[in-house]
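**Student:**
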Amino acid sequence: MINRAYIALLALLLLSCQCFAAIGTQNLRCEMLMNPQGIQTTSPRLSWEITGDGRGISQTAYQILVASTRAKLTANIGDLWDSHKITSDRSVQINYAGKPLASRTACYWKVKVWTSNGESTWSQPASWSVGLLNPADWKAKWIGYDNGFPWDSVSKFSRLSARYYRKQFDAASGIKKATVYMVGLGHYELFINGQPIGDQVLSTPPTDYTKSVIYNTFDVTKNIKQGTNAIATALGNGRFFTMRPKYKPQKIKEFGFPKMLLQLELEYNNGTKQTIISDGSWKFTADGPIRTNNEYDGEEYDATKEMPGWNTIGFNDAKWLKPELVQASGGKLVGQMNEPIRVVQTVKPLSVKLVKPGMYVMDMGQNMVGWLNMKVRGMHGQKVQLRYAETTQKDGELYVANLRDAKVTDVYTLKGGGEESWHPVFVYHGFRYVEIVDYPGTPTVNDFEGQVVNDDLPVTGSFETSNNLVNKIYRNAVWGIQGNYKGMPLDCPQRNERMPWLADHATGSYSESFVFDNAKLYAKWLDDIEQAQKPNGSIPDVAPAYWNYYSDNMTWPATYLQVAGMLYHQYGDKEALSKHYASMKKWLVYMRTFMKDYIETKDKYGDWCVPPESPELIHSKDTLRTTDGKLIATAYYYKLLGMMQNFAQLLNKPQDVKDFAQLASKIKTRFNQTYFDDKTRQYANNSVTSNLLPLYFDMVPETAKKDVFKNIEDKILVANKGHISTGVIGTQWLMRGLTDRGRADIAWRMTTNTDYPSWGYMVNKGATTFWELWNGDTANPSMNSQNHVMLLGDLLVWFYENLAGIKSDSKDIAFKKIVMKPEPVDGLDFVNASYHSIHGMVKSSWKKDGGRFNWKISIPANTTAMVYVPAKSAAAVMESGQKAATSKGVKFIRMENGRALFEVGSGDYVFDSIN
Ligand code: RAM
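Following this line, the structure appears as structure tokens:
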């Protein structure tokens, strides 16, 4: 019997754009992704999530309807696409295959599925709209002003005031639809009739603006009224007018003065159309309240310069200037496909203390990224100064040495006459402490609110254990990860750098996917990286290449392949591979030119930031601690060839598979001849990284694997007394490398250390995020951020895949088949974790109960799981009170290394085993 009530379809997801519509019982944080506007593709991918009671629900067929109006969809008319019933178990990443989509098309869609439990009803509808696909769709003109004003200065520490633009226009009655397409470089705020449009901040997203420029699309039907309207924008500098212009021009990319492009399209009920564009008829001024704004140095806002009503009708702009028609920056216009940056949460300060007359220091209790909203009362013209830092000095004053020459100072000038409330809009800060100077009266924690600003990504994971230190490490990691998302992943959010360094998020992107749905952010980053590739194939270390670093090493650019692989493995995003395959291959072919006799000679950073021998050092000088750069580069080349073979296979390129395999085999032979010492069974200097890379990348001869692993064990346990000794490279493979060979206990030991060097050491020293250096409390401040995520390595992957035991199968990717294999290491009593995969929610909660192992799991509909229950025998395992092997929907497969392996379909299970 078909019981429709028991199957609900959840989450219609347009993966290549941004749509999640929640249906059913679960409450995803997904509203913001619903109904994406102005996507830049004619073949969006559709995914849905099935939820239902009972076990073993699998999809047998689906039908998608896409309609051009809501009414048609309601009437079940798929005038754009009716897929009809398609026999398939695929429920994610289905390419739209209906009528060709033109610019501006609105699409409403829904899906129904047939499953092992019967047929579902139609899902709730969701929608998307197509952006402006052709350059000819744009009638608007770029406007700006390619100069500073007398109060501006263009120098190393530039001061450039915000520019304010406005225009009035008349609209007739009977507006059916109004859509505005907006680009403001670097940042913009947009208003219609005084109302802010959208809740995004720090938009336009950062790109290399000579390659691509992202526009936003807003439905503003409700904002336009019959009669006269005013449309207005404020433009800030962002990455466009760079933070250090005219300073080291060979290193820092400059784009020019802020500019904008705006097109407002009105559609009337009677079929007529009206378009309002940015052009020479606008007015502008730079003599408004934002006197300067600069990501490194801060924002200065003079409320005495406010222009009441400037963004509404009737404002007298007679003294304002005419903007110049300026050159486009050269980049292709593309609709935003990744989530916008928003204020995602608020933080109440812990304390404010007077440190010397007129100067207070406030503690937010958390190293956070965003800004401060301040309430203040005082006299006209009084100035309050806010300066931000991650730590304080002994005397309680700020410690700013590690921010290098970033001035990180906001200044607010009061207009007077009552309570004023303010926060900057075109800058953000990375800080825990704030110095408050010249605040009128006594500042209290109630006068300030921290606003956390980053890409607003759905949270995918939760992770909690019986070990408090591990929970703190996890918590700090989450703060670090989110704080470093700024439309691209950054290295750090506070000093005069804030650059999208590639290797910082190599395995990191994979770790982060367990915490946030980072699929679209990283798809965007792959585009950034591809756009940064030189014609000869070279890929930089920083992309977008705001800093001109094309050092041609292997490990930083390798991130390009690692991220593409992550998107495929975690989300089933095959487009990440197909779109970037040619560029990845080109890069590898280019790097081949630096190979001498199958050894890759190019390396720059080595195993960056290993724990140094003395506390003040940034980089170790001890050749026993560091790892030979060529060894690293060659091992990476080999590893990447393996990944490329896989990609080529998936994309049906058999000749490439062969070529890559042949080259890989030659590299392996030469690598072992060069670095492996048959007598000592060691690679190179026997550092953990030297042995780990070949072992984990499968380069070690079968007969030597045990011995090589023994060297790693000895190095960690004996020489390093259970401590970590790897840097940014080794740490990416370490925890999994140990666990795969049966030594999760060593990984656990390193995780729970609290003395130097360890993650726990950072926590114990009061860190609330992660440090750039293992010795971040003592090292030279010239490179010592307190909020870097690169030393996390594969720790979070290990938390989820190994401690919780939630992992996608490597062939049946994207959690279509799930490998549930926890490591109940000694010292850990329970883990409660969940991961919202693209197929649905996976849960794993295990606890040790006397001699019993109790494990609750949830497997989403339309997936299966291989479940490894720690047990002496299959007979010792119960499931929901039954013998597991005969329990409904549970199939015993075999015993494997002290675990009983079962196969299950979707549903909730409770396993109990007696050990
Ligand atoms: C530092 C960056 C980054 C790292 C590079 C090599 O300056 O902060 O973390 O990737 O160096």
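According to mature numbering (1 follows the signal peptide of the UniProt record, and there is no 0), the residues represented by the sequence shown are -21 to -1, 1 to 894, in order. Here a beta-carbon is modelled for each residue, glycine too, at the ideal position from N, C-alpha and C.
What is the C-beta distance between Phe573 and Asp531, in whole angstroms, given that I count them as a contact (C-beta under 8 angstroms)?
**Tutor:** That pair is a contact at about 7 angstroms.
**Student:** Label Leu169 either buried or exposed according to how many other C-beta atoms from any shown protein chain fall within 10 Å of its C-beta, with 16 as the threshold for buried.
**Tutor:** By the 10 Å Cβ count, Leu169 comes out buried.
**Student:** Hey, would you say the C-beta of Asp483 is under 7 angstroms away from at least one heavy atom of the ligand RAM?
**Tutor:** Yes; taking the cut-off as 7 angstroms, the Cβ of Asp483 has a heavy atom of the ligand RAM nearer than that.
**Student:** Alpha carbon to alpha carbon, how far is Trp504 from Trp712? Give it in angstroms, no decimals.
**Tutor:** Computed Cα separation, rounded: 22 angstroms.
**Student:** Could you tell me whether the Cβ atoms of Leu807 and Thr444 are closer together than 8 angstroms?
**Tutor:** Yes. Within cutoff.
**Student:** Mind pulling the beta strand (DSSP E) runs of 3 or more residues that sit fully within the region 334 to 360?
**Tutor:** If we require 3 residues or more, the beta strand (DSSP E) runs fully inside the region 334 to 360 come out as 338 to 355.
**Student:** Is Phe626 helix, strand or coil when you go by DSSP?
**Tutor:** It is helical.
**Student:** Are three or more beta carbon pairs between the region 457 to 464 and the region 424 to 437 nearer than 8 angstroms?
**Tutor:** As far as the Cβ criterion goes, the region 457 to 464 touches the region 424 to 437, which means the pair count is three or higher.
**Student:** What residue does the alpha helix (DSSP H) around Asn195 start on, and which one ends it?
**Tutor:** Here Asn195 belongs to no alpha helix (DSSP H); instead the beta strand (DSSP E) covers 191 to 198.
**Student:** Which residue's Cα is closest to the Cα of Tyr87: Pro114, Ala54, His63?
**Tutor:** With distances taken between Cα atoms, Tyr87 lies closest to Ala54.
**Student:** Would you kindly check if the distance between the Cβ of Ala522 and the Cβ of Pro479 is under 8 angstroms?
**Tutor:** It is a contact, given that the beta carbons lie within the stated cut-off.
**Student:** Helix, strand or coil, according to DSSP, for Trp504 in the structure here?
**Tutor:** Helix at Trp504.
**Student:** Opposite Gln174 in the DSSP bridges: which residues?
**Tutor:** Paired residue(s): Ile171.
**Student:** Tell me which same chain residues have a C-beta within less than 6 angstroms of the C-beta of Leu540, skipping the five on either side of it?
**Tutor:** Result list for Leu540: Met563, Leu619, Met622, in chain order.
**Student:** Skipping 5 residues on each side, what residues in its chain have a beta carbon closer than 6 angstroms to that of Val159?
**Tutor:** Taken in chain order, the residues that qualify are Phe197, Val199, Leu243.
**Student:** One question on the structure: do Ala282 and Lys354 come within less than 8 angstroms of each other, judged by their Cβ atoms?
**Tutor:** Against a cut-off of 8 angstroms, the Cβ pair of Lys354 and Ala282 comes out as no contact.
**Student:** Does any heavy atom of the ligand RAM sit closer than 7 angstroms to the C-beta of Cys86?
**Tutor:** Because no heavy atom of the ligand RAM lies under 7 angstroms away, the Cβ of Cys86 does not count as near it: no.
**Student:** Could you compute how far the alpha carbon of Arg722 sits from the alpha carbon of Asp773?
**Tutor:** C-alpha separation (whole angstroms): 15 angstroms.
**Student:** Between His767 and the ligand RAM, is the CB less than 7 angstroms from at least one heavy atom?
**Tutor:** For the ligand RAM, at least one heavy atom lies less than 7 angstroms from the Cβ of His767.
**Student:** On the three-state DSSP scale, how would you describe Gln661?
**Tutor:** Looking at Gln661 - three-state DSSP - the assignment turns out to be strand.
**Student:** Who does Tyr160 pair with in a DSSP beta bridge?
**Tutor:** In DSSP, Tyr160 forms a bridge with Thr196, Gln242.
**Student:** For Gly314, count neighbouring Cβ atoms within 10 angstroms of its own Cβ and tell me buried if that reaches 16, exposed if not.
**Tutor:** Looking at its Cβ environment, which holds 16 or more other Cβ atoms inside 10 Å, Gly314 is buried.
**Student:** Could you pull the start and end residues of the alpha helix (DSSP H) that Pro633 belongs to?
**Tutor:** Taken as a continuous stretch (DSSP letters only), the alpha helix (DSSP H) holding Pro633 covers 633 to 654.
**Student:** Please determine whether the Cβ atom of Asp586 lies at a distance below 7 angstroms from any heavy atom of the ligand RAM.
**Tutor:** The answer is no for Asp586.
**Student:** Here's a check: name, in chain order, each residue in its chain whose Cβ is nearer than 6 angstroms to the Cβ of Trp738, leaving out the five neighbours to either side.
**Tutor:** Here the set comprises Ile452.
**Student:** Cutting at 8 angstroms between CB atoms, please list the residues of its own chain near Leu629, excluding the five before and the five after it.
**Tutor:** These residues qualify, in order along the chain: Tyr547, Lys553, Leu556.
**Student:** Under 7 angstroms Cβ to Cβ from Ile708, same chain only, skipping five residues before and after it: list those, please.
**Tutor:** Counting only Cβ-Cβ distances below 7 angstroms, and skipping sequence neighbours, we find Thr534, Asp586, Trp587, Ile611, Thr668.
**Student:** Please name the residue in Leu596, Ile29, Glu592 whose C-alpha comes closest to that of Gly97.
**Tutor:** Answer by Cα proximity: Ile29.
**Student:** Hey, is the region 777 to 791 in contact with the region 399 to 406, meaning 3+ C-beta pairs nearer than 8 angstroms?
**Tutor:** Output reads no: the region 399 to 406 does not touch the region 777 to 791.
**Student:** Answer with buried or exposed for Ala482, where buried requires no fewer than 16 other C-beta atoms within 10 angstroms of its C-beta.
**Tutor:** It is buried - the Cβ of Ala482 has at least 16 other Cβ atoms within 10 Å.
**Student:** Which residues does DSSP list as the beta-bridge partners of Lys870?
**Tutor:** DSSP output for Lys870 lists Glu882 as bridge partner(s).
**Student:** Who are the Cβ neighbours of Leu80 in its own chain at under 6 angstroms, not counting the five residues just before and after it?
**Tutor:** The residues are Thr21, Val109.
**Student:** Could you name the residues that DSSP lists as bridge partners for His815?
**Tutor:** DSSP, once it has assigned bridges, lists Met820 as partnering His815.
**Student:** If we count the other Cβ atoms within 10 Å of its Cβ and call it buried at 16 or more, is Cys(-3) buried or exposed?
**Tutor:** Since pLDDT at Cys(-3) reaches only 32, below the 50 mark, its modelled position is unreliable, and the value read off the structure follows with that caveat. It is buried - the Cβ of Cys(-3) has at least 16 other Cβ atoms within 10 Å.
**Student:** Quick one: measure Cβ to Cβ for Ser837 and Ala879, integer angstroms, because I've assumed they're closer than 8 angstroms.
**Tutor:** Contact flag wrong, Cβ pair sits at about 19 angstroms.
**Student:** Evaluate the contact criterion for the region 780 to 798 versus the region 753 to 767: three or more CB pairs, one atom per stretch, below 8 angstroms.
**Tutor:** Short answer: they don't touch.
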